[in-house]
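Heads up, the sequence shown is in numbering that gives the first Met the number 0, so the first residue is 0 and it goes up one at a time.
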Amino acid sequence: MDLEVRGQACLVVGGARGIGYATAEVLAREGAAVALADIDGAAAAASAQRLAAASGAKVVGLKVDVTNLEEVRRLVADAEATIGPLSILINSAAVLDDKLFVDSQPSDWKRMIDVCLFGPMNMIHTVLPGMMERRYGRIVCLASDSARMGQARLSYYAAAKGGVVALVKSIAQEVGTSGVTLNILSPGATNTELRAEREAKMRADMGEEKYARRQKTVLRMYPTGRLGEPDDIASAISFLVSKRASWITGQVLSVNGGFAMP
Ligand SMILES: NC(=O)c1ccc[n+]([C@@H]2O[C@H](COP(=O)([O-])OP(=O)(O)OC[C@H]3O[C@@H](n4cnc5c(N)ncnc54)[C@H](O)[C@@H]3O)[C@@H](O)[C@H]2O)c1
Numbered sequence: 000m001d002l003e004v005r006g007q008a009c010l011v012v013g014g015a016r017g018i019g020y021a022t023a024e025v026l027a028r029e030g031a032a033v034a035l036a037d038i039d040g041a042a043a044a045a046s047a048q049r050l051a052a053a054s055g056a057k058v059v060g061l062k063v064d065v066t067n068l069e070e071v072r073r074l075v076a077d078a079e080a081t082i083g084p085l086s087i088l089i090n091s092a093a094v095l096d097d098k099l100f101v102d103s104q105p106s107d108w109k110r111m112i113d114v115c116l117f118g119p120m121n122m123i124h125t126v127l128p129g130m131m132e133r134r135y136g137r138i139v140c141l142a143s144d145s146a147r148m149g150q151a152r153l154s155y156y157a158a159a160k161g162g163v164v165a166l167v168k169s170i171a172q173e174v175g176t177s178g179v180t181l182n183i184l185s186p187g188a189t190n191t192e193l194r195a196e197r198e199a200k201m202r203a204d205m206g207e208e209k210y211a212r213r214q215k216t217v218l219r220m221y222p223t224g225r226l227g228e229p230d231d232i233a234s235a236i237s238f239l240v241s242k243r244a245s246w247i248t249g250q251v252l253s254v255n256g257g258f259a260m261p
């Protein structure tokens, strides 16, 4: 199926690695021009270079901290000056903080809400007016099944992601006739650097035996018998940001190997 993204300008925030990068790979292969933005500017630049060489598409790497509205405005201006008016925005940037709520501090909650909720707000608020004026746009925000199911040790991450779900559904209602769609992609556990970093910490804290037992328990929660790979998520996002998905808005699509089926 032709996704019809050829020639479109696509901004992937948190795109230096992981799910964001995997999605950029699909879209660049389909002929979209891509800006990869990340707080790690050097990684964004290196990833952009790699993707441009592999796909032949126009790809740029830009630095941004999504918590800073001024930086976000500069990012969007720079991206549009380089790859053209944006028609696709993917918000993939996030941080994790593995902690019991009782052990956490207000500064932990603030950092999480800043990145995972204010980040998407800053991005959507900056990009949306142009998309509405041009009467076309596709926005996908990454949430998490932890927002739907709750997840011990990830309470304020789950809360921030729940906020993103409510935000996206509400804006989708406000701009329904504008040609801009907004949706949520909610992944289950996916093998990215973010997950690997959390797992490494858990392994060190628990010791080998307990960690191996935990791994088996986690896997049993996935009816498909495996965890996700970035490409599993990227395929679904790429469909949601395509012209083919013009009658899908305000939806939460879980791509999770059957982990949650509510
Ligand atoms: N991997 C999983 O198991 C999983 C599960 C559920 C949801 N998700 C969600 O999917 C999305 C992608 O996750 P991933 O696993 O690919 O993560 P990742 O850590 O591999 O990629 C996220 C990127 O965001 C960047 N980033 C962090 N803070 C930033 C900031 N302030 N400004 C700009 N960029 C910033 C990081 O540098 C990183 O490159 C996230 O929103 C995450 O919450 C992931």
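In this text, a Cβ means the ideal position worked out from N, Cα and C, and glycines have one as well. The model shown is predicted, which means the values in this text are computed figures rather than measured ones.
| Check | Outcome |
| --- | --- |
| Could you tell me the distance, in whole angstroms, from the CA atom of L184 to the CA atom of S237? | 11 Å |
| If I measure Cβ to Cβ from G149 and keep anything under 8 Å in the same chain, skipping five residues before and after, which residues do I get? | A157 |
| Under three-state DSSP, which class holds T81? | helix |
| Decide yes or no for the touch test of the region 163–177 against the region 246–255: beta carbon pairs closer than 8 Å, at least 3 of them. | yes |
| Is the CB-CB distance between A44 and G19 below 7 Å? | no |
| Can you tell me whether D144 is buried or exposed? The criterion is at least 16 other CB atoms within 10 Å of its CB, across all chains shown. | buried |
| Compute every distance between the C-beta of R194 and the non-hydrogen atoms of ligand 2, then say whether any falls below 6 Å. | Ligands in the displayed structure: ligand 1; ligand 2 is not one of them. |
| Taking Cβ to Cβ, would you say G178 is nearer than 7 Å to Y221? | no |
| Between I18 and ligand 1, is there a pair consisting of the residue's CB and a ligand heavy atom that are separated by less than 6 Å? | yes |
| Should A21 and A233 be called a contact, given that it needs their Cβ atoms to be closer than 7 Å? | yes |
| Can you give me the C-alpha to C-alpha distance between V163 and L181, rounded to a whole angstrom? | 11 Å |
| Determine the burial state of K209: buried for a count of at least 16 other Cβ atoms within 10 Å of its Cβ, exposed for fewer. | exposed |
| Could you tell me which uninterrupted beta strand (DSSP E) segments, each at least 3 residues in length, are contained entirely in the region 207–260, listed from first to last along the chain? | 251–254 |
| On the criterion of 16 or more Cβ atoms from any shown chain inside 10 Å, does E24 qualify as buried, or is it exposed? | buried |
| Answer yes or no: do L35 and S91 have a C-beta to C-beta separation smaller than 7 Å? | no |
| For A165, count neighbouring C-beta atoms within 10 Å of its own C-beta (all shown protein chains included) and say buried if the count is 16 or more, exposed if not. | exposed |
| Whole angstroms is fine: what's the gap from L242's alpha carbon to P186's? | First, the amino acid is wrong: residue 242 is Lys here, not Leu. Roughly 22 Å between the two C-alpha positions. |
| Got a sec? Which residues, its chain only, sit under 7 Å from V58 by beta carbon, not counting five neighbours each side? | A27, V33, L35, A47, L50, A51 |
| Rounded to the nearest angstrom, what separates V4 and A78 at their Cα positions? | 17 Å |
| Looking at the secondary structure, which residues open and close the alpha helix (DSSP H) in which T22 lies? | 17–28 |
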